[in-house]
Amino acid sequence: QVQLQESGPGLVRPSQTLSLTCTVSGDSITNGGYYWNWIRLHPEKGLQWIGYRYYSGSAYYDPSFGSRVTISLDTSKNQFSLTLTSVTAADTAVYFCARKAPVTSWFDPWGQGTLVTVSS
Amino acid sequence: QSALTQPASVSGSPGQSISISCTGTTSDVGGYSYVSWYQHHPGKAPKLMIYDVTKRPSGISNRFSGSKSGNTASLTISGLQAVDEADYYCCSYTSSNTNYVFGGGTKVTVL
Chain L
2 QVQLQESGPG
12 LVRPSQTLSL
22 TCTVSGDSIT
32 NGGYYWNWIR
42 LHPEKGLQWI
52 GYRYYSGSAY
62 YDPSFGSRVT
72 ISLDTSKNQF
82 SLTLTSVTAA
92 DTAVYFCARK
102 APVTSWFDPW
112 GQGTLVTVSS
Chain R
18 QSALTQPASV
28 SGSPGQSISI
38 SCTGTTSDVG
48 GYSYVSWYQH
58 HPGKAPKLMI
68 YDVTKRPSGI
78 SNRFSGSKSG
88 NTASLTISGL
98 QAVDEADYYC
108 CSYTSSNTNY
118 VFGGGTKVTV
128 L
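Residue numbers (the working numbering), protein chains in the order written: chain L, 2 to 121; chain R, 18 to 128.
So this is what it looks like as structure tokens:
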């Protein structure tokens, strides 16, 4: 079965760049036409969808992030990554990676998440 | 402020049934049959419990059921068990440019 695991620094300074990686095991990220997503959990606000990268390369992001966000695929390592620039304390959250199958509206499976704190 | 509104907490005794509501608008919950529910034990991966409003993935207990009326979707847990104690989040596709919106989460406590 497919499993996802997030990794990356737990502390990022304000105005710096947050970079996280999701390692996929159990299947290739280029198989099946899946969408590879990042979702975050704010302590008080709940979950927020950040965006996805399609297996073929196209991407779509929540417009509230503007040009700060990029999701990329590394097919050689079977990983996908999140880059979020110019972070502030409001970006402190648990970040999850998740897969979405084509022509579906749900996310499954998810990684267990990684806490990122933005603080000086 | 989450796009979908859920109660912050719901509690029940073992064996009882509880329901969690998820209220949106005609642009999301009310406009599409694309509501999903996730169970989250902190520190673990969120788990898909219901998709397309009423459908259960393979392996999910039939104690979990979903429904929708107008702009409000609901997750019902029957025969409440201690293992059901977790946070639950609803999600809906939305016609806005956000694509997907979530609720703020509901903490289920088994008394």
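In this text, a Cβ means the ideal position worked out from N, Cα and C, and glycines have one as well. Fair warning: this is a prediction, and the values are worked out from it, not measured in the lab.
Item: Residue 120 of chain R at chain L interface by Cβ criterion, 8 Å; Value: yes
Item: Residues from the segment 74-104 of chain R in contact with chain L, defined by Cβ distance under 8 Å; Value: 74
Item: Test: residue 33 of chain L CB closer than 8 Å to a CB of chain B; Value: No chain B is present in this structure, whose protein chains are L and R.
Item: Inter-stretch contact (C-beta, 8 Å, three-pair minimum) for the segment 43-60 of chain L and the segment 106-124 of chain R; Value: yes
Item: Under the three-state DSSP convention, the category residue 1 of chain L falls into; Value: What is shown of chain L runs 2 to 121, which leaves residue 1 of chain L out entirely.
Item: N- and C-terminal bounds of the beta strand (DSSP E) containing residue 119 of chain L; Value: 115-119
Item: Contact check, residue 94 of chain R vs residue 26 of chain R, beta carbons under 8 Å; Value: no
Item: Status (buried if at least 16 other CB within 10 Å, exposed otherwise) for residue 104 of chain L; Value: exposed
Item: Three-state secondary structure assigned by DSSP to residue 109 of chain L; Value: coil
Item: Cβ shell of residue 96 of chain R (< 7 Å), same chain only, five flanking positions each side left out; Value: 32 and 80
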